[in-house]
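Chemist:
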Ligand code: IMP
């Protein structure tokens, strides 16, 4: 299969971890190409629960794990995970950290928190892990990289230069206490000793693996709608989450990517602020949250819950070049007799659109046009009589092949074939969402 990208097709938390874990069994390398400890995966292996934020989940399967150049790394979180994994009997010798990845420094977290406080009502709702400030310094060419840990003199010099400026910001702009140079330098020097063995030329490592015909999974963090360029800016994360960035973030050519698996929940969740056309109104939101266990892995925050948004999903297919879709958590919806699905948006001027609005104000004022029917999602297996809405019976993940979003005579939206893991794609699954004629406005 060589290189496969796994990408979140919504606002993150789609259950990518589960899909990665499933596909990792048949892979040789599992790589992260962007993001940092803002992402959190909860994975259960042999009855044991692991919550990991920085290290690819492939480590739980003993696979070679890569944290690529496009990632940001909090050394404290990284080492805490190393300790946790080792203490539970897992080897971290398989972990390779790009020397080009940027380090999240203590001032990044402090600025992230202070900046959100200062924005008040306008805040983004970040994870407050220093992600944005770290990527900002990277773009401004003021960042400190993993490879700086290998050179104590350079490291200290860079910390000194950065801190001189950051302390001015912290004190004068944000009114919070400055950070202590000696304390930070001492801490980083200690981290450096422990991180050194993990630092590798990860671009070369992945390239060689591909040349040898080994299977490489490239795991995206967050989701498509949190992409810095194509997401719901400014309520996004600070890196490109889309599949194309897998090549840049790892350091391989785009033509090395063979397929792109999008992961979507059968409903939608979002943490943080920002418009959300299919957000559920009333007590059903709480019900979905409870049934789906929709609380953040990293922050513990309640996730906002919405009905499946096919407009946004089609957009994700377009942006990522998704070749297969893995649909998760269908079982949660089996508790609902009525299942609304958004097939189009109504814009401010009353027009309907099936395409994700390119202009922010159009999106902010979009209202979801929902189908609302008993058993809206129907799954048909090839050769088996269609069963209505057996969402609960389909223990997921189900991997379905796109095209997604074709409008046809019978239905709108997902129109997919094939299922389960790619090697077993023989069985057909078709998910049919009823026709536009059944559209109703937002209740
Ligand atoms: P940041 O990545 O911490 O800067 O947060 C920016 C936005 O991305 C906020 O809305 C966060 O809630 C969201 N976000 C970041 N990481 C995740 C994730 O793993 N899942 C879902 N949302 C996330």
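Residue numbers (my numbering): 1 to 443. The beta-carbon is built from N, C-alpha and C at its ideal position, and this holds for glycine as well.
1) Where does residue 8 sit, in a helix, a strand or coil, going by DSSP?
2) Thinking C-alpha only, which one of 14, 37, 357 and 139 is nearest residue 81?
3) Specify the secondary structure class of residue 355 as computed by DSSP and reduced to three states.
4) For residue 359, count neighbouring Cβ atoms within 10 angstroms of its own Cβ and tell me buried if that reaches 16, exposed if not.
5) Among 308, 24 and 33, whose alpha-carbon lies nearest the alpha-carbon of residue 285?
6) Starting from residue 160, trace the alpha helix (DSSP H) in both directions and tell me its first and last residue.
7) One question on the structure: do residue 313 and residue 266 come within less than 7 Å of each other, judged by their Cβ atoms?
8) Run through DSSP, which three-state label would residue 365 get?
9) Could you give the distance in angstroms between the alpha-carbon of residue 253 and the alpha-carbon of residue 242?
10) Within the structure, which residues are defined as neighbours of the ligand IMP by a Cβ-heavy atom distance below 5 Å, reported in chain order?
11) So what does DSSP say about residue 348, is it helix, strand or coil?
12) Using the Cβ count rule (16 or more neighbours within 10 Å means buried), how would you classify residue 352?
13) Is it buried or exposed for residue 240, if we count other Cβ within 10 angstroms and need 16 for buried?
14) Taking all protein chains shown into account, do 16 or more other C-beta atoms lie within 10 angstroms of the C-beta of residue 19, making it buried, or fewer, making it exposed?
15) Find out if the Cβ-Cβ distance for the pair residue 97, residue 64 is shorter than 7 Å.
16) If you count every other CB in all the chains shown that lies within 10 Å of the CB of residue 229, and 16 or more means buried, which is it?
17) Using 8 Å as the threshold, is the stretch 200 to 207 in touch with the stretch 245 to 252, meaning 3 or more CB pairs across them?
18) What would DSSP say about residue 444, mapped onto helix, strand or coil?
19) Suppose the cutoff is 7 Å on Cβ atoms and the five residues either side in sequence are ignored; what does the same chain contact list for residue 34 look like?
20) Quick check: the Cα distance between residue 336 and residue 291, rounded to an integer number of angstroms?
21) Are the CB atoms of residue 170 and residue 110 within a distance shorter than 7 Å?
22) Ignoring anything shorter than 4 residues or poking outside the stretch 62 to 129, list the alpha helix (DSSP H) runs there in chain order.
23) May I ask you to list the residues that DSSP assigns as paired with residue 263?
24) Run the CB neighbour count on residue 87, radius 10 Å, all protein chains shown included, and call it buried at 16 or more, exposed below.
25) Could you give the DSSP three-state label for residue 320: helix, strand or coil?
26) Along the beta strand (DSSP E) that carries residue 50, what are the first and last residues, could you check?
27) Return the CA-CA distance between residue 310 and residue 54, expressed in angstroms with no decimal places.
28) With H, G and I counted as helix, E and B as strand and the rest as coil, what does DSSP make of residue 200?
29) Does the stretch 127 to 142 come within contact of the stretch 187 to 201, defined as at least 3 CB pairs closer than 8 Å?
30) Distance check for residue 3 and residue 422, CA to CA, integer angstroms please.
31) Less than 7 Å between the C-beta atoms of residue 103 and residue 73, yes or no?
32) Let me check understanding here. Comparing Cα to Cα, which of 60, 140 and 199 lies closest to residue 149?
33) Residue 320 and residue 262: beta carbons closer than 7 Å?
34) Against chain D, does residue 127 count as a neighbour if the rule is that its beta carbon must be under 7 Å from one of theirs?
35) Since I believe residue 256 is in contact with residue 247 (beta carbons under 8 Å), could you give me their beta-carbon distance rounded to a whole number of angstroms?
36) Please state if the CB of residue 271 and the CB of residue 301 are separated by a distance shorter than 7 Å.
Modeler: Taking the definition as stated:
1) strand
2) 37
3) coil
4) Counting Cβ neighbours within 10 Å, residue 359 comes out exposed, since fewer than 16 surround it.
5) 308
6) 152 to 168
7) no
8) coil
9) 15 Å
10) 12, 13, 38, 39, 125, 126, 127, 131, 132, 222, 226, 237, 271 and 272
11) If DSSP states are grouped into helix, strand and coil, residue 348 belongs with coil.
12) exposed
13) buried
14) When all chains shown are included, residue 19 counts as buried.
15) Cβ atoms of residue 97 and residue 64: not closer than 7 Å.
16) exposed
17) With the cut-off at 8 Å, the stretch 200 to 207 and the stretch 245 to 252 touch.
18) A query on residue 444 cannot be resolved here, the shown segment of the chain reaching from 1 to 443 and no further.
19) 70, 71, 220, 221, 239, 240, 241, 245 and 249
20) When the Cα atoms are used, residue 336 and residue 291 turn out to be separated by approximately 11 Å.
21) Yes, the Cβ-Cβ distance between residue 110 and residue 170 is below 7 Å.
22) 75 to 87 and 106 to 119
23) 8 and 326
24) exposed
25) helix
26) 48 to 52
27) 30 Å
28) strand
29) no
30) Per-residue confidence for residue 422 stands at a pLDDT of 34, beneath the threshold of 50, marking its modelled position as unreliable; no derived number is given.
31) yes
32) 199
33) Cβ atoms of residue 320 and residue 262: closer than 7 Å.
34) Here chain D cannot be found, since the structure has a single protein chain.
35) 7 Å
36) yes
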